[in-house]
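Each number in the numbering used here comes from the position in the sequence shown (counting from 1) with 60 added on.
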Amino acid sequence: MTEQLEQTLLIEAQQGDENAYEDLQLMLQPAIHRFVQRMLNDPMLTEDIVQEVFIKFYQHLGNIDPPEKLRPYIYRMARNRCYDELRRMGRR
């Protein structure tokens, strides 16, 4: 049920419905936040990265096709951003 709702909201957001995007972000943000927090174990950094992920998500809404790929797409964005940060931290 939730997955179907997410897909419907994604399609509406891709068509320009700002409310659908906001609802979709509210649905996805807690899970993405937990995912990033587990990877980095840094609350301040987690907030920044989650915010960056959702900015990129908004900018690339049109790239998510088919809608069933929504969760893998956003988790991959979060994972890659975490890896970038871990690499950066390793260089210090």
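Glycine is no exception: its CB is placed at the ideal position from the N, C-alpha and C atoms. Because the structure is a prediction, the values reported are computed rather than measured.
Evaluate residue i with the Cβ neighbour count: other Cβ atoms within 10 Å of its Cβ, from every protein chain shown; 16 or more gives buried, anything less gives exposed.
i       : result
Phe-138 : At residue 138 the sequence reads Ala, which differs from the Phe that was named. Classification for Ala-138: buried.
Leu-65  : exposed
Tyr-143 : exposed
Measure the beta-carbon distance from residue i to residue j and round it to whole angstroms, keeping in mind my assumption that it falls under 8 Å.
i       : j       : result
Phe-114 : Gln-89  : 7 Å
Glu-63  : Leu-100 : Not quite, the Cβ-Cβ distance comes to about 27 Å (not below 8 Å), so this is no contact.
Leu-70  : Leu-130 : 5 Å
Tyr-133 : Tyr-81  : Not really, about 14 Å apart at Cβ, beyond 8 Å.
Arg-141 : Ile-109 : 5 Å
Secondary structure, alpha helix (DSSP H): runs of 4+ residues fully inside the stretch 93-138: 103-119
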